[in-house]
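Our numbering numbers the first residue of the sequence shown as 966 and each following residue consecutively.
Let me begin by presenting the structure, written as structure tokens, before commenting on it.
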Amino acid sequence: MGTQESNEETNRTGRRALLGAAVLGAGGAVLGVTGTARADAPRHGGGVKSLPKPTIVGHRGASGYRPEHTLGSYQLALDMGADIVEAGDLVPTRDGHLVCRHEPEIGGTTDVADHPEFADRKKTKLLDGVSTTGWFTEDFTLAELKTLRAIERIPANRPHNTLYNGRWEIPTFEEVLKWQDEQTRRRGKQVWIYPELKHPTYFRKQGLPLEERVAKLLRKYRKDRRTSPVILQSFEPTSIERLNKLVDNPLVVLLSSADSRPWDFVETGDPRTVADLIKPAGLREIASYAQGIGPTLDLVIPRDAKGNLTRPTTLVSDAHKVGLILHPWTLRNENPFLPANFRKGTDADAYGDVFGAYQAYFATGIDGVFTDQPDTGLLAREAFLAD
């Protein structure tokens, strides 16, 4: 989930309890999650409608507990019971492989800065109109990237995650597809993934188009069908339109703040903003080539000037009227990422009343949510469904 994330993100005792649940649940069971969620587990070949609701999507895996976009993070999300794992923000290497990183700039998510042999690769580039300095995947071969190791992206909020710095390498999308098959066989139920295509216009201009590469791999592993357990997403609507012509997978258009413009719209001179796309006419257009939208949570329930939740918008009902599902992003346990009226204290590392926040968002009728802590999301769903 993307660069455009808004500032949405229990105390330490609560965290220890949840981490204990994660360890105890490592065999695939979810501690404290009872029959409702399990009874609705995804079935082979059932398509998106077979997923439980509200669907719990492990955001970049279980990134609240492990460095994001690593096989360790993906694995933990499954072990916690996530319905889907967002396995892959997809960016290309210089030699055309797709790898899983939050952004093409990898200075904040790998130990590349500690590799003197790559010091001269540090550059400043214009990434979707933003001057960005660092190391970029498109300047490395896959073999070179495999010498790096992943690190925690937001250590100020998640110092406990730094324990796992250096344990995992950067996975390729093909490795994720193989991992998905292995986990499906091992667990006896279908594992779902939810990769995102990052900055497709930027990479197409560099001669490294993403959509065709993704489609080729999905066809290779026979995961390019309407009922395939792979949902594809992008912040660029034209990328989703292109994918719609290449594969039959469920497709989702990601939506950032209302006043923002998708970068492909900026490049082509399309004046529309996200505010236009979430109007009934915009949603009808999206429904002509996609099956869902992934709005920022603020588009579902706005916040006031103090950061408190206000009244829900009509986005959920408007999207449902045209047949679109909604998987908003991103719920996180830590105070700084929660609405102000759900925070506890001021410690950036402390947990707030995230269960209260889940209940508020679930009550709007959303079909699912991205979360950095899948175990928390599953417990919140259990409580919501029990009411």
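Glycine included, C-beta positions come from ideal geometry on N, C-alpha and C.
**Report entry** Residue environment, Pro1194, which counts as buried when at least 16 other CB atoms sit within 10 Å
**Finding:** buried
Query raised in the report: Alpha carbon to alpha carbon, what distance is there between Arg1237 and Arg1226?
Result: Looking at the backbone, the Cα of Arg1226 and that of Arg1237 are separated by about 7 Å.
Report task. Can you give me the Cβ contacts of Pro1277 inside the same chain, cut-off strictly under 7 Å, excluding the 5 residues immediately before and after it? Result -> Same-chain partners within the cutoff: Val1265, Ile1266 and Thr1329.
Report task. Could you pull out every unbroken beta strand (DSSP E) segment of at least 3 residues lying fully inside the region 1292-1349, listed in chain order? Result -> 1333-1336
Requested in this report: Would you tell me roughly how many angstroms separate the C-alpha atoms of Gly1259 and Asp1332, rounded to the nearest one?
Outcome: 10 Å
Query raised in the report: Skipping 5 residues on each side, what residues in its chain have a beta carbon closer than 6 Å to that of Leu1183?
Result: Asp1189 and Val1212
Report task. In angstroms with no decimal places, state the Cα-to-Cα distance between Arg1346 and Ile1119. Result -> 26 Å
Requested in this report: Could you tell me the boundaries of the beta strand (DSSP E) in which Asp1054 lies?
Outcome: Asp1054 to Pro1057
Query - Inter-residue Cα distance where the pair is Glu1068 and Gly1257 - result: 23 Å
Query - Under 8 Å between C-beta atoms of His1292 and Val1022 - result: His1292 places its beta carbon less than 8 Å from that of Val1022.
Query raised in the report: My guess is that Arg1066 and Val1056 are in contact by the Cβ rule of under 8 Å, so how many angstroms apart are they, rounded?
Result: Contact holds; Cβ gap of about 5 Å.
Report task. Decide if Asp1044 is buried, meaning its Cβ has at least 16 other Cβ atoms within 10 Å, or exposed. Result -> Residue environment: Asp1044 is assigned as buried (16 or more neighbouring CB atoms within 10 Å of its CB, all protein chains considered).
Query - Proximal residues to Leu1162 (C-beta, below 8 Å), its chain only, five neighbours per side dropped - result: Leu1055, Leu1175, Glu1176, Val1179, Leu1197, Gln1198, Ser1199, Glu1201, Ser1204 and Leu1208
Query raised in the report: Between the region 1080-1094 and the region 1126-1135, do three or more beta carbon pairs fall short of 8 Å?
Result: no
Query raised in the report: For Leu1242 versus Leu1219, is the C-beta distance shorter than 8 Å?
Result: no
Query raised in the report: Do you know offhand how far Val1217's Cα is from Gly1029's?
Result: 24 Å
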